[in-house]
Each structure stands twice: as structure tokens, then as C-alpha cells.
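Protein chains in written order, with our numbering: chain A, 19 to 128; chain B, 17 to 238; chain C, 13 to 130.
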Amino acid sequence: MNGSEQLLKRLPNDIGGLEAPKIEQTDHDLLPWEKRCHALADILDFHKIINTEEKRRGVEALGSEMVGKLTYYERWIATFANIAFQKQLITPEELAKKMAEVEARWRSHI
Amino acid sequence: MTAHEDHDHDHGTEHEHPHSPIETTDKPGYYDIMEQAFQELMIEKGYIGADKIRHQIEVLDSRNPALGAKVVARAWTDPDFRARLLQNGRTACEELGITFYDLTELIVLENTPSVHNLIVCTLCSCYPRPVLGLPPDWYKAKPYRARAVYEPRKVLAEFGTIIPDDVEVRVSDSTAIQRYLVLPMRPDGTDQMSEEELASLVTRDAMIGVIPVKPPTRGASS
Amino acid sequence: MNPVPEQRKIAGVVPAPADLPRLRAGQRVRVGTLSPVGHYRVPTYLRGKEAVIEAIMSPKAVNNEEEGFGRNAGSLGVYYRISVPMTEIWKDYVGSPADNLRIEVFESWLEELDDDRP
Numbered sequence: 019m020n021g022s023e024q025l026l027k028r029l030p031n032d033i034g035g036l037e038a039p040k041i042e043q044t045d046h047d048l049l050p051w052e053k054r055c056h057a058l059a060d061i062l063d064f065h066k067i068i069n070t071e072e073k074r075r076g077v078e079a080l081g082s083e084m085v086g087k088l089t090y091y092e093r094w095i096a097t098f099a100n101i102a103f104q105k106q107l108i109t110p111e112e113l114a115k116k117m118a119e120v121e122a123r124w125r126s127h128i
Numbered sequence: 017m018t019a020h021e022d023h024d025h026d027h028g029t030e031h032e033h034p035h036s037p038i039e040t041t042d043k044p045g046y047y048d049i050m051e052q053a054f055q056e057l058m059i060e061k062g063y064i065g066a067d068k069i070r071h072q073i074e075v076l077d078s079r080n081p082a083l084g085a086k087v088v089a090r091a092w093t094d095p096d097f098r099a100r101l102l103q104n105g106r107t108a109c110e111e112l113g114i115t116f117y118d119l120t121e122l123i124v125l126e127n128t129p130s131v132h133n134l135i136v137c138t139l140c141s142c143y144p145r146p147v148l149g150l151p152p153d154w155y156k157a158k159p160y161r162a163r164a165v166y167e168p169r170k171v172l173a174e175f176g177t178i179i180p181d182d183v184e185v186r187v188s189d190s191t192a193i194q195r196y197l198v199l200p201m202r203p204d205g206t207d208q209m210s211e212e213e214l215a216s217l218v219t220r221d222a223m224i225g226v227i228p229v230k231p232p233t234r235g236a237s238s
Numbered sequence: 013m014n015p016v017p018e019q020r021k022i023a024g025v026v027p028a029p030a031d032l033p034r035l036r037a038g039q040r041v042r043v044g045t046l047s048p049v050g051h052y053r054v055p056t057y058l059r060g061k062e063a064v065i066e067a068i069m070s071p072k073a074v075n076n077e078e079e080g081f082g083r084n085a086g087s088l089g090v091y092y093r094i095s096v097p098m099t100e101i102w103k104d105y106v107g108s109p110a111d112n113l114r115i116e117v118f119e120s121w122l123e124e125l126d127d128d129r130p
């Protein structure tokens, strides 16, 4: 017994009532990709391709280390990839190839 | 949770231009590339239409706290609208043309001399986006989400808001379909103000419930 | 939602079990103590706490804990907005004893408490 069951029983987002520091009243204008990601989430939910609750569950399933180290929209896009793979909408190889293509496109412009 | 929960620095690039096109002179970060690739695949495979995301960005860009402020100002000046707003927040907003692009409903929480409302989403970041736009970073970060349900008066004090002991503090934690909007109290000294002038007093933070609506400063029209 | 008075209803109509909300506004309830893994929408801080039904939420909807795994339709249920005193949730709560929390909870998480409890 190593007490690890708390990691399963209390999800990383379930933070109501936990110790936390002073609120830093920060905000930032969304980066263009973040705004696209938010719009993407809305479209995926509207068509129930990946609904909003699946997204929430998928972010939780990233686990506490990733939830802690990825920013808000980084968690979303990683989650969309995972869920799309699970649903066999796209494959990991397809996404990796397309990412390489996007990057190559950028390089060819500079 | 680490101290980095929800830090939002983009480690590779510093975007100076708020309306940068998809391809900029800075190398897109890893997640930017992932988003572009994911989106392109969704479109190529026919899961979503080519223009859908662009249209939704326009929808999102049109949602901001000024909409909520207009709802509040209307409620302050039109008692029948106020009653309808408190009965069903979504349909009352739709009367004003504020459409809801998702399946959320809206409960408007009325602040009174005896009740002060505060909204939070401890589990994620539920927020009345169709009527207020996107939430500020602090609303989505751990300190607010963890503490608003546990020590709301201390949280309010950090925003400069002191609630007397004889006023009930009511915290609404969103978890499902209902979203919340605080209807702040109308400040003194505003009897002569037009609806438009009243709306200009109402801030996003007052509709989250962390601050009241401040009375007009001396010299403003009243 | 404003309930229609009984005398206005037509006699002889048999409702399906899922048609009528199990709980009513003002009813005392306890939040369940199950510990689900995978996905849940009832925060740990609320488990086992006693509350009062403030209102029946509308419309009925899918259980969001199942929605999180892809259930998009069917088996609609009732969500209730409940009111819980802060002092019931936090034993060391600092504030007014009248301070309270409101939260929306799916029906499966709520058990009725006896009405004649003191």
C-alpha cells in the first residue's frame, strides 16, 4: 500500500478547498492559436465530435504532472489529440505527419 | 498542483501583434503547430467544415463584458425585464440578441442589501461566456478556484470588497449546464443616468461578484 | 420552475417513472459518498454533506459523468441546485454562519433525508 489511490480518487482539477496562495489578478490576450483552439472546442462540441464534458474528462486524464506543466489551451489541444485517437477519427501517425508538414510549410516561408 | 498551474508564457515566441495571421515571422510553438495540424486534419477528413472555426472566432470576438453590462443596465431600468431575467437568464439575454451558441442555461443571481453573490468553477472554468466573453486568467487559476468556496470573504477582501457580517455571502460553484451571472446592486447617485451611462459603470468583475459596481465619480454626468 | 397546483391536473394520466422529479424544492438531502474514478462532477469537498434542494434545474439532461465518456443523448435525468451552509462543508469556516454554497448536482448523487429529523 503506498497511498497512491488518492491520485485516482481525487482528480487533479478537484481543488475546491485546497490550500492556495494569494490571487494574482493576471490576464492575457489570447494568442492566435489559443483563440483558434477555443473556437475549435466550440465546433467540436456543437457537432458532438468531442463534447465539452469529454474535453474536461480528457484534461483530467492527462494526470497531475501534465495538468501542472501545460497551460490552459495546451491541455485542451493535447486532450483533443488523445480523444481523437481513441475515437479513431485520426491516427497518431497522421497527426505527426501533418505537424511535420505544418512546420515544413513555415520553414519554406522564411 | 505545482506553482506553474496555468502559467501562460509561450516559451518559444513572444507575440507582439494581437491579430497575427496563422503564419508569423516567429516560429510557431509546438502546441500552435499541433492545433493547426489537428484542425487541418479535421477539415480534410470532413468532420468539420472549412469555415467553421473562422466563423466561431468571430462569434467569440463579439462576446465581451459590455454585453453583460447592457443586460445589467436594462435590468436596473426595466423592472419587467429584470423579473424575466431572474426567471430565465438565457431567454432574457436572447431577447436582447445575445444568442447562446451552446447548450448552457443562465441563472442570474441578484445581489441585495442582505445577500452578496459570487461565482466560481472549482472543477474547471465554467463561465457565462456567451454574455461575458472569455474569463480572465485568475478566474481559471488555482488560487481563486480553491479559495472562493472555502474563504469567500477573504477572497473578496483581496479584491477590496468587504462584506459586512450581517450580509449573507452565497457562492455558486458551476458544475453542469447552468452558468451564472451576478446582477450587482445599482449604486447610489445614478438616478439621472441613461441606460447607456449605467452600462458603462458595470465591470466584468462586478458580474463575477468580486467587486460591487462603483458609483459614478464626481464630474461624471448624473 | 413553478409547479402546477394538483387541482389543475387531469386525472388518470400515468406518468413514466422518469417523468417526475424524485425530489422537490425545500427537501433535505445528503450528497453521496461514492468515490468514482475516471470522471466526476461532484467535488470532494461536497461528499457526504447535508443540503437542501433550492430548485429543480431545467431542462433534464444527460448525466455529465457519463457524458464525459461520450454519452451525448438518452437517459435524461434531473439536476438539482442545492444549498449547503458553509459551516456544514468546512468545520473551521471563517465568516457569517449564514454564508452558503449553491451547486448543481445530478439526481443520482442525492439521497433524501427523513423529513421528520430535527
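Even glycine gets a Cβ: it sits at the ideal position worked out from N, Cα and C. Source: prediction; values computed, not measured.
Task: Alpha-carbon spacing of Val25 of chain C relative to Phe118 of chain C, whole angstroms - done: 27 Å
Task: Neighbourhood of Asp22 of chain B by C-beta distance below 8 Å, restricted to the same chain and skipping five residues each side - done: Confidence is the limiting factor: at Asp22 of chain B the pLDDT is only 43, short of 50, which leaves the residue's position unreliable, though a coordinate-based value still follows. Hits under 8 Å: Asp153, Lys156, Ala157, Lys158.
- [ ] For the region 26-41 of chain A and the region 54-63 of chain A, state whether three or more C-beta atom pairs, one from each stretch, are separated by less than 8 Å.
- [x] Verdict: no, contact absent.
Open item on the list: Can you list, in chain order, the residues of its chain with a C-beta nearer than 6 Å to that of Pro44 of chain B? Leave out the 5 residues immediately preceding and following it.
Closed with: Excluding positions up to five away in sequence, the list is empty.
TODO: Can you grab the Cα-Cα spacing for the pair Leu112 of chain B / Leu29 of chain A, in whole Å?
DONE: 39 Å
Task: Beta-carbon neighbours of Gly35 of chain A, restricted to chain C and to distances below 9 Å - done: Pro55, Thr56, Tyr57, Ile101, Trp102
Task: Per DSSP, cross-strand counterpart(s) of Glu121 of chain B - done: B:Gln194
TODO: Determine, using beta carbons only, whether Glu71 of chain A and His51 of chain C come nearer to each other than 9 Å.
DONE: yes
- [ ] Answer with yes or no whether the minimum CB distance from Phe118 of chain C to chain A is below 9 Å.
- [x] no
Open item on the list: Check whether chain B comes within 9 Å of Pro71 of chain C, counting only Cβ atoms and requiring the distance to be less than that.
Closed with: yes
TODO: For Ser238 of chain B, decide whether its Cβ has a neighbour in chain A, counting only Cβ atoms nearer than 9 Å.
DONE: Unreliable placement is indicated for Ser238 of chain B, whose pLDDT of 44 sits below 50; the coordinate value is still reported in the next sentence. Not closer than 9 Å to any Cβ of chain A, the Cβ of Ser238 of chain B fails to qualify, so no.
Task: Own chain partners of Ala89 of chain B with C-beta closer than 7 Å, once the 5 adjacent residues on each side are dropped - done: Only Glu211, Leu214, Ala215, Val218 meet the Cβ criterion.
Task: Per-residue contacts from Asn134 of chain C into chain B (C-beta, under 7 Å) - done: For chain C, the structure presents residues 13 to 130; residue 134 of chain C sits outside this window and is missing.
TODO: Measure how close the beta-carbons of His5 of chain B and Val185 of chain B come, nearest whole angstrom, since I'm counting them as under 8 Å.
DONE: Residue 5 of chain B is absent from the model: chain B starts at 17 and stops at 238.
Open item on the list: Between Cys140 of chain B and chain A, is any beta-carbon pair separated by less than 9 Å?
Closed with: yes
TODO: Tell whether a beta-carbon distance below 9 Å holds between Leu101 of chain B and Val136 of chain B.
DONE: no
- [ ] Check each residue of the region 72-85 of chain A: if its Cβ is closer than 7 Å to any Cβ of chain C, include it; give the result in chain order.
- [x] Here the close residues are Glu72, Arg74, Arg75, Glu78.
TODO: Compare the Cα-Cα distances from Arg70 of chain B to each of B:Glu56, B:Leu83, B:Asn80, B:Ala82 and report the closest residue.
DONE: B:Glu56
Task: Rounded separation between Asn104 of chain B and Glu126 of chain B - CA only - done: 12 Å
TODO: Can you give me the Cβ contacts of Val54 of chain C inside the same chain, cut-off strictly under 7 Å, excluding the 5 residues immediately before and after it?
DONE: Val43, Val117, Trp121
Open item on the list: Looking at Val242 of chain B: is its Cβ nearer than 9 Å to the Cβ of Ile114 of chain B?
Closed with: Look at the range of chain B in this structure, 17 to 238, and you will see that residue 242 of chain B is not part of it.
- [ ] Look at the alpha carbon of Thr1 of chain C and the alpha carbon of Thr56 of chain C, and state the distance between them as a whole number of angstroms.
- [x] Residue 1 of chain C falls outside the range modelled here, since chain C spans only 13 to 130, and no answer is possible.
Open item on the list: Can you check which of these residues, C:Glu62, C:Ala63, C:Glu79, is closest to Lys73 of chain A by C-alpha distance?
Closed with: C:Glu79
Task: Identity of the residue in C:Ala23, C:Leu125, C:Leu35, C:Arg20 nearest Gly89 of chain C by Cα - done: C:Leu35
Open item on the list: Does the CB of Val49 of chain C have a neighbour CB from chain A at under 9 Å?
Closed with: Output row for Val49 of chain C: interface = yes.
- [ ] Tell me whether Gly84 of chain B sits in a helix, a strand or coil according to DSSP, three-state version.
- [x] helix
Task: Chain-ordered chain C contacts of Leu117 of chain B [CB-CB under 9 Å] - done: Note on residue identity: the sequence assigns Tyr, not Leu, to residue 117 of chain B. Listed along chain C, no residue sits closer than 9 Å to Tyr117 of chain B by beta-carbon distance, the nearest being about 17 Å off.
TODO: Would you give the residue range spanned by the alpha helix (DSSP H) that Phe103 of chain A belongs to?
DONE: 90-104 is the extent of the alpha helix (DSSP H) around Phe103 of chain A.
- [ ] Would you give the residue range spanned by the alpha helix (DSSP H) that Val75 of chain B belongs to?
- [x] 68-77
Task: Inter-residue CB distance, Gly205 of chain B and Pro232 of chain B (contact presumed, cutoff 8 Å) - done: 6 Å
TODO: Report yes or no: is there a C-beta of chain A within less than 9 Å of the C-beta of Asn112 of chain C?
DONE: no
Open item on the list: I'd like the span of the beta strand (DSSP E) that includes Leu122 of chain C, first residue to last.
Closed with: 122-124
- [ ] State the DSSP-derived secondary structure class of His132 of chain B, mapped to helix, strand or coil.
- [x] strand
- [ ] Show which residues of chain B have a CB atom less than 9 Å away from the CB atom of Gly107 of chain C.
- [x] Within chain B, the residues near Gly107 of chain C are Glu167, Pro168, Arg169, Lys170, Ile179, Asp181, Val185.
Open item on the list: Measuring CB atoms only, is the region 61-70 of chain C touching the region 85-92 of chain A, in the sense that at least three cross pairs come out at less than 8 Å?
Closed with: no
TODO: Establish whether the CB of Ala38 of chain A and some CB of chain B are separated by less than 9 Å.
DONE: yes
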